[in-house]
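*Asks:* Residue numbers (our numbering), protein chains in the order written: chain A, 1 to 312; chain B, 1001 to 1096.
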Amino acid sequence: MSLVFDIALCALILGVAAMALLGRGLFASLAFFIVYGLLIALAWLSLNAIDVALAEAAIGAGVTGVLLIGAWQALNAQSALDPDPVAHWITRVFAGLGCLAIGGLLALAILAMPGGTGLTTEVIDTQGQLDLGNSVTAVLLGFRAYDTLLESIVLLAALVAVWSLTPQGLWGGIPGPRHRTRPDGVMASFGRLLPPAGLIAGVYLVWAGSDAPGGAFQAGTVLAAAWILAVLAGLQDEPEVTSPLLRAALLIGPALFLLVGAVGAGFGGFLAYPEGFEKPVILAIEYALALSIAATLALLVAGPPRRPGGAR
Amino acid sequence: MTLIEILASACLAVGVFFFFAGTVGLLRFPDVHSRLHALTKADNLGLAFIVLGAGIHFGDVMIAAKLALVWFLAVFAAGAAAQLVARAALRTGDEP
Chain A
1 MSLVFDIALC ALILGVAAMA LLGRGLFASL AFFIVYGLLI ALAWLSLNAI DVALAEAAIG
61 AGVTGVLLIG AWQALNAQSA LDPDPVAHWI TRVFAGLGCL AIGGLLALAI LAMPGGTGLT
121 TEVIDTQGQL DLGNSVTAVL LGFRAYDTLL ESIVLLAALV AVWSLTPQGL WGGIPGPRHR
181 TRPDGVMASF GRLLPPAGLI AGVYLVWAGS DAPGGAFQAG TVLAAAWILA VLAGLQDEPE
241 VTSPLLRAAL LIGPALFLLV GAVGAGFGGF LAYPEGFEKP VILAIEYALA LSIAATLALL
301 VAGPPRRPGG AR
Chain B
1001 MTLIEILASA CLAVGVFFFF AGTVGLLRFP DVHSRLHALT KADNLGLAFI VLGAGIHFGD
1061 VMIAAKLALV WFLAVFAAGA AAQLVARAAL RTGDEP
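1) Just verifying my parser: in three-state terms, what is the DSSP assignment at Pro305 of chain A?
2) For Arg1091 of chain B, which residues in the same chain have their Cβ closer than 8 Å to its Cβ, ignoring the five residues on either side in sequence?
3) Determine whether the Cβ of Phe33 of chain A lies closer than 7 Å to any Cβ atom of chain B.
4) So, does the CB of Ala1089 of chain B fall closer than 7 Å to a CB anywhere in chain A?
5) Could you say which of A:Leu159, A:Ala31, A:Val231 lies nearest to Met19 of chain A if we only look at CA atoms?
6) Give a yes or no on whether the C-beta atoms belonging to Ala216 of chain A and Glu278 of chain A are separated by under 7 Å.
7) Under 7 Å, do Gly253 of chain A and Ala288 of chain A count as touching if we go by C-beta distance?
8) What distance in whole Å lies between the Cβ atoms of Leu250 of chain A and Gly261 of chain A, which are believed to be in contact at a cut-off of 8 Å?
9) Scan the region 181-194 of chain A for residues whose Cβ lies nearer than 8 Å to a Cβ of chain D and list them as they occur along the chain.
10) Let me check you understand the geometry: is the CB of Cys99 of chain A closer than 6 Å to at least one non-hydrogen atom of the ligand ATP?
11) Does DSSP put Pro254 of chain A in a helix, in a strand, or in coil?
12) Counting beta carbon pairs with one atom in the region 1015-1023 of chain B and one in the region 1044-1055 of chain B, are three or more of them shorter than 8 Å?
13) Short of 7 Å in beta carbon distance, which residues of its chain neighbour Arg1035 of chain B, apart from the five on each side in sequence? Order them along the chain.
14) When the distance is taken between beta carbons, is Leu229 of chain A closer than 7 Å to Pro195 of chain A?
15) What three-state label does DSSP hand Pro274 of chain A in the structure shown?
16) Along chain B, in chain order, which residues have C-beta atoms closer than 8 Å to that of Ala197 of chain A?
17) Please check the pair Ala1089 of chain B and His1033 of chain B, which I expect to be a contact at CB under 8 Å, by giving their CB distance rounded to whole angstroms.
18) Judging by CA-CA distance, which residue of A:Ala294, A:Ile69, A:Tyr273 is the nearest neighbour of Ala248 of chain A?
19) Would you report the Cα separation of Trp1071 of chain B and Gln236 of chain A, rounded to the nearest angstrom?
20) With DSSP run on the structure shown, which of helix, strand or coil describes Pro280 of chain A?
21) Could you tell me whether the region 291-309 of chain A touches the region 152-161 of chain A, where touching means 3 or more Cβ pairs closer than 8 Å?
22) Kindly list, in the order they appear in chain A, the residues whose Cβ is closer than 8 Å to that of Phe1076 of chain B.
23) Are the region 1066-1086 of chain B and the region 183-203 of chain A touching, with three or more C-beta to C-beta distances below 8 Å?
24) Give me, in chain order, the residues of the same chain whose beta-carbon lies closer than 8 Å to that of Leu199 of chain A; leave out the 5 immediate sequence neighbours on both sides.
25) Which residue comes first and which comes last in the alpha helix (DSSP H) that contains His1037 of chain B?
26) Which first and last residues belong to the alpha helix (DSSP H) in which Ala43 of chain A is found?
27) Could you tell me which chain A residues have their CB closer than 8 Å to the CB of Ala1080 of chain B, listed as they occur along the chain?
28) By the 10 Å Cβ neighbour count, where 16 or more other Cβ atoms means buried, how is Glu275 of chain A classified, buried or exposed?
29) Please say whether Tyr36 of chain A and Ala49 of chain A have beta carbons closer to each other than 7 Å?
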């Protein structure tokens, strides 16, 4: 894209970041943070990193934004919001110095990198062995599969942490409040029209992910959004946290990934894919991961159980 | 400049004008309901013209259809969100 566009985008990103940090109201800061995520997604798009742009828009701006607003709402409901959240100037000076140090070190590391292309040629030369057309998927599930495995487990650990905040006596209950809407109202119609489109988009993203931009994380986020919308519209309640079906959906991705990794130990190393079957195995992991990520993100947004289960 | 380019640029300019009008309305109107009115109506029209301009610029039916789908989903989401915000504002006592 043109230089003028890039410069304008950089200026907008810096401006919005400043507004998110310097704004006095916490809610306004959250709104600016979400806009910041969308602008960063545009920046990735401008760098032709479409996979990263999709992930940033869906997870960085979308899910993180919803989680932050949910946290703000919960604090506000308990009147636990700090009315004057500006820290002491000494704290701010140290935070600023820390950011400068990290930013400076990162800049030094990037400027010290040899060559301009990094590992791009190596990846493109070897991704044919995995029979994958999308280099990003080849890196995420082939060459750096260990990182992706740990990422999916981190998500699961975050959900376990949220569930560990369940109030006494509500274990096995249903997360989040029961959403009631008028059956012919705007929210109910919205919740009926959008999830089918979201389902198609989510399945397409994971299906296309092996050869085109897309993949388990982007698809999982879109599927989670469809799930959250159906719950918000009051059309479908969240499942009980002890539901075996829910547990299976949460675990299938990381469990299959771990199983493949363990089996791979017999083929020459942890996470070594069996020769000749790389693509089907990677696809199976992608599909299972998309389902698990969708369930995990949707339940992270719903929060810990707040109502007893069984009584519908 | 070909006729196609002129047409695409004109559509983009009209789109930007509607976005500008919507933003002025958001900043200048006195209460939540009239601000919503300015935002949703003007911005959806602005997006429509920008989508139209981009569709003409690319000159490809598939791209134009995808852009039209984006516009449809955006209009639908904006309309639903505006209704919800308006109702929430009514409940907190902000008279239209």
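Cβ atoms here follow ideal geometry from the backbone N, Cα and C, with glycine treated the same way.
*Replies:* Let me lay it out:
1) As a working note, residue 305 of chain A is residue 305 in the first sequence. Strand at Pro305 of chain A.
2) If you number the second sequence from 1, residue 1091 of chain B lands on position 91. None.
3) The residue given as residue 33 of chain A occupies position 33 in the first sequence. So no, Phe33 of chain A is outside the interface.
4) As a first step, residue 1089 of chain B is located in the second sequence; it is residue number 89 there, counting from the start. No, because no Cβ of chain A sits closer than 7 Å to the Cβ of Ala1089 of chain B.
5) Reading the first sequence from its first residue, position 19 is the one you call residue 19 of chain A. Cα-wise, what sits closest to Met19 of chain A is A:Ala31.
6) In the first sequence, the residue the question calls residue 216 of chain A occupies position 216. In the first sequence, the residue the question calls residue 278 of chain A occupies position 278. Cβ distance not < 7 Å, so Ala216 of chain A and Glu278 of chain A don't count as in contact.
7) In the first sequence, residue 253 of chain A corresponds to position 253, counting from 1. In the first sequence, residue 288 of chain A corresponds to position 288, counting from 1. Taking 7 Å as the Cβ cut-off, Gly253 of chain A and Ala288 of chain A qualify as a contacting pair.
8) Taking the first residue of the first sequence as position 1, residue 261 of chain A is located at position 261. Taking the first residue of the first sequence as position 1, residue 250 of chain A is located at position 250. Actually they are not in contact, since the Cβ atoms of Gly261 of chain A and Leu250 of chain A sit about 18 Å apart, beyond 8 Å.
9) This model lacks chain D altogether, as its protein chains are A and B.
10) The ligand ATP is not among the ligands present in this structure, which contains no ligands whatsoever.
11) Numbered from its first residue, the first sequence carries residue 254 of chain A at position 254. Reduced to three states, the DSSP call for Pro254 of chain A is helix.
12) The answer is yes - the region 1015-1023 of chain B touches the region 1044-1055 of chain B, with three or more Cβ pairs under 8 Å.
13) Taking the first residue of the second sequence as position 1, residue 1035 of chain B is located at position 35. The answer, listed in chain order, is Gly1025, Leu1026, Phe1029.
14) In the first sequence, residue 195 of chain A corresponds to position 195, counting from 1. In the first sequence, residue 229 of chain A corresponds to position 229, counting from 1. Yes. Within cutoff.
15) Counting from 1 along the first sequence, the entry for residue 274 of chain A is found at position 274. Three-state result, Pro274 of chain A: coil.
16) In the first sequence, counting from the first residue as 1, residue 197 of chain A sits at position 197. Within chain B, the residues near Ala197 of chain A are Leu1073.
17) The residue labelled residue 1089 of chain B in the question sits at position 89 within the second sequence. The residue labelled residue 1033 of chain B in the question sits at position 33 within the second sequence. Contact holds; Cβ gap of about 7 Å.
18) By one-based count along the first sequence, residue 248 of chain A stands at place 248. Ranking A:Ala294, A:Ile69, A:Tyr273 by Cα distance to Ala248 of chain A puts A:Ala294 first.
19) Residue 1071 of chain B sits at position 71 when you count from the first residue of the second sequence. Residue 236 of chain A sits at position 236 when you count from the first residue of the first sequence. Each residue's alpha carbon lies about 28 Å from the other.
20) Locating residue 280 of chain A in the first sequence gives position 280, where the first residue counts as 1. Residue state, collapsed to three classes: helix.
21) yes
22) On the second sequence, residue 1076 of chain B is found 76 positions in, with the first residue counted as 1. Per Cβ cutoff of 8 Å: Phe190, Leu193, Leu194.
23) yes
24) Sequence index remark: in the first sequence, residue 199 of chain A carries index 199 (1-based). Here the set comprises Leu223, Ala226.
25) Taking the first residue of the second sequence as position 1, residue 1037 of chain B is located at position 37. Note, His1037 of chain B: alpha helix (DSSP H), 1032-1058.
26) Sequence index remark: in the first sequence, residue 43 of chain A carries index 43 (1-based). Start and end: 26-46.
27) Residue numbering aside, residue 1080 of chain B sits at position 80 when the second sequence is read from its first letter. Here the neighbours are Val186, Met187, Ser189, Phe190.
28) In the first sequence, residue 275 of chain A corresponds to position 275, counting from 1. Burial call: exposed.
29) In the first sequence, counting from the first residue as 1, residue 49 of chain A sits at position 49. In the first sequence, counting from the first residue as 1, residue 36 of chain A sits at position 36. With a cutoff of 7 Å on beta-carbon distance, Ala49 of chain A and Tyr36 of chain A are scored as not near each other.
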